[in-house]
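K.L.:
Pasting a structure below so you can have a look.
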Amino acid sequence: GQQVMQIPQYQHVQEGEDFTTYCNSSTTLSNIQWYKQRPGGHPVFLIQLVKSGEVKKQKRLTFQFGEAKKNSSLHITATQTTDVGTYFCAAELNSGNTPLVFGKGTRLSVIA
Amino acid sequence: GAVVSQHPSRVICKSGTSVKIECRSLDFQATTMFWYRQFPKQSLMLMATSNEGSKATYEQGVEKDKFLINHASLTLSTLTVTSAHPEDSSFYICSAREVVGNTEAFFGQGTRLTVV
Numbered sequence: 001g002q003q004v005m006q007i008p009q010y011q012h013v014q015e016g017e018d019f020t021t022y023c024n025s026s027t028t029l030s031n032i033q034w035y036k037q038r039p040g041g042h043p044v045f046l047i048q049l050v051k052s053g054e055v056k057k058q059k060r061l062t063f064q065f066g067e068a069k070k071n072s073s074l075h076i077t078a079t080q081t082t083d084v085g086t087y088f089c090a091a092e093l094n095s096g097n098t099p100l101v102f103g104k105g106t107r108l109s110v111i112a
Numbered sequence: 001g002a003v004v005s006q007h008p009s010r011v012i013c014k015s016g017t018s019v020k021i022e023c024r025s026l027d028f029q030a031t032t033m034f035w036y037r038q039f040p041k042q043s044l045m046l047m048a049t050s051n052e053g054s055k056a057t058y059e060q061g062v063e064k065d066k067f068l069i070n071h072a073s074l075t076l077s078t079l080t081v082t083s084a085h086p087e088d089s090s091f092y093i094c095s096a097r098e099v100v101g102n103t104e105a106f107f108g109q110g111t112r113l114t115v116v
């Protein structure tokens, strides 16, 4: 089945450092979404990217969708301890009520 | 935003017994819901797609007779783990989307199942 590769698996940063996680697909995607899961919690929606080359920002978070709609990234500037959690990308191949395919996630630890 | 409620949040059961997990969309109708399983420190693995009024679609490797899914109404889907064994211990999460097309998924709070 369709797979979404996400790297890195883990990232430990000092508070104030930047952080980036990447997702790649071998096939063109309809859209890609990003979720954050805090320890012990459930995934919470962050953003959805639909257009080729799209860039969206949410405060210190920057999301990008590649021109070929096969890759995406999430960048956090000047991390804070509240950023701790696992960040998942979730891809949709076709536009429709189809299940999302999740990447393996990147677990972010922030050291104060 | 839309809310998906999942119950129970935690359950401990004995080996051989069955456990039912409910997933409700509180303020929207969901013709389709999705059930995921998540092992510790791992990603969400899709188990099945629950379709209102019809049979669920199971992913490869998921036993349909062990993980019974019923989607009797537009707001409720249930997952029953039958004859549970310790290896079924996991975090089970349901998800639903409001409309067809490019929309976000809303997740239930998840159910931590421990089989002893």
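In order, the protein sequences belong to chains L and W.
One point on numbering: in the working numbering, the residue at position 11 of the first sequence is 11, and numbering is uninterrupted.
One point on numbering: in the working numbering, the residue at position 30 of the second sequence is 30, and numbering is uninterrupted.
Every residue, glycine too, gets a C-beta built ideally from N, C-alpha and C.
Which residue's Cα is closest to the Cα of Ile7(L): Leu29(L), Gly40(L) and Arg107(L)?
P.N.:
Mapped onto the first sequence, residue 7(L) falls at position 7. When each option's Cα is compared against that of Ile7(L), the closest is Arg107(L).
K.L.:
So who's on the other strand from Ser25(L), going by DSSP bridges?
P.N.:
Position 25 of the first sequence, counting from 1, holds the residue named residue 25(L). BP columns for Ser25(L) point to Val4(L).
K.L.:
Report all residues from its chain with a CB closer than 8 Å to the CB of Val116(W); omit the five preceding and five following residues, and keep chain order.
P.N.:
Numbered from 1 along the second sequence, position 116 holds the residue referred to as residue 116(W). So the qualifying residues of the chain are Ile12, Cys13, Lys14, Ser15 and Pro86.
K.L.:
Alpha carbon to alpha carbon, how far is Val44(L) from Pro40(W)? Give it in angstroms, no decimals.
P.N.:
Counting from one through the second sequence, the residue named residue 40(W) turns up at place 40. Counting from one through the first sequence, the residue named residue 44(L) turns up at place 44. When rounded, the distance between both Cα atoms is 17 Å.
K.L.:
Tell me whether the beta-carbon of Lys70(L) lies closer than 8 Å to the beta-carbon of Phe63(L).
P.N.:
The residue given as residue 70(L) occupies position 70 in the first sequence. The residue given as residue 63(L) occupies position 63 in the first sequence. No, the Cβ-Cβ distance between Lys70(L) and Phe63(L) is not below 8 Å.
K.L.:
Hey, would you say Phe67(W) sits closer than 8 Å to Leu79(W), going by beta carbons?
P.N.:
Here residue 67(W) is taken as the residue at index 67 of the second sequence, counted from 1. Here residue 79(W) is taken as the residue at index 79 of the second sequence, counted from 1. Result yes, Cβ atoms of Phe67(W) and Leu79(W) sit closer than 8 Å.
K.L.:
With a CB to CB cut of under 7 Å and the five nearest residues on each side skipped, what residues in its chain are close to Gln119(L)?
P.N.:
Residue 119(L) is absent from the model: chain L starts at 1 and stops at 112.
K.L.:
Does the Cβ of Val3(W) have 16 or more other Cβ atoms within 10 Å, making it buried, or fewer, making it exposed?
P.N.:
In the second sequence, residue 3(W) corresponds to position 3, counting from 1. It is exposed - the Cβ of Val3(W) has fewer than 16 other Cβ atoms within 10 Å.
K.L.:
Can you tell me which of the three DSSP states Thr75(W) falls into?
P.N.:
Taking the second sequence and counting its residues from 1, one reaches residue 75(W) at position 75. Residue state, collapsed to three classes: coil.
K.L.:
Compute the beta-carbon to beta-carbon distance between Cys18(W) and Thr82(W), rounded to the nearest angstrom, for a pair I have assumed lies under 8 Å.
P.N.:
By 1-based counting over the second sequence, the position of residue 18(W) is 18. By 1-based counting over the second sequence, the position of residue 82(W) is 82. Contrary to the premise, residue 18(W) reads as Ser rather than Cys in this sequence. So it is a contact: roughly 5 Å between Cβ atoms.
K.L.:
On a CA-only basis, which of Gly40(L), Gln3(L), Gly53(L) and His12(L) is nearest Ser26(L)? Give me that one, please.
P.N.:
Mapped onto the first sequence, residue 26(L) falls at position 26. When only C-alpha atoms are compared, the closest one is Gln3(L).
K.L.:
Kindly indicate if chain L contains any beta-carbon less than 8 Å away from that of Phe39(W).
P.N.:
The count along the second sequence starts at 1 and reaches residue 39(W) at position 39. For Phe39(W), the answer is no, since every Cβ of chain L falls outside 8 Å of its Cβ.
K.L.:
When the Cα of Leu93(L) is compared with those of Phe102(L), Gln11(L), Gln37(L) and Thr86(L), which residue comes out closest?
P.N.:
Locating residue 93(L) in the first sequence gives position 93, counting from the first residue. Answer by Cα proximity: Phe102(L).
K.L.:
For the beta strand (DSSP E) containing His42(L), list its first residue and its last residue.
P.N.:
Locating residue 42(L) in the first sequence gives position 42, counting from the first residue. It is not in any beta strand (DSSP E) - His42(L) carries neither H nor E in the DSSP assignment.
K.L.:
Which residues of the segment 99-110 of chain L have a Cβ closer than 8 Å to any Cβ of chain W? Give them in chain order.
P.N.:
Pro99, Leu100, Val101, Phe102, Gly103, Lys104, Gly105 and Arg107
K.L.:
Rounded to the nearest angstrom, what separates Gly61(W) and Thr98(L) at their Cα positions?
P.N.:
As a first step, residue 61(W) is located in the second sequence; it is residue number 61 there, counting from the start. As a first step, residue 98(L) is located in the first sequence; it is residue number 98 there, counting from the start. Answer to the nearest angstrom: the Cα atoms are 19 Å apart.
K.L.:
Tell me the DSSP secondary structure of Thr17(W) in three-state form.
P.N.:
Within the second sequence, the letter at position 17 stands for residue 17(W). Note: Thr17(W) maps to coil in three-state DSSP.
K.L.:
Give me whichever residues DSSP pairs with Gln38(W) in a beta bridge.
P.N.:
The residue you call residue 38(W) lines up with position 38 of the second sequence. Gln38(W) is bridged to Leu44(W) and Phe91(W).
K.L.:
Under 9 Å between beta-carbons, which chain W residues line up against Pro8(L)? List them in chain order, please.
P.N.:
Here residue 8(L) is taken as the residue at index 8 of the first sequence, counted from 1. In chain order: nothing, as chain W lies at least about 14 Å away.
K.L.:
Check distances from the C-beta atoms of the segment 14-48 of chain L to those of chain W and list, in chain order, the residues that come in under 7 Å.
P.N.:
Ser30, Asn31, Gln33, His42, Pro43, Phe45 and Gln48
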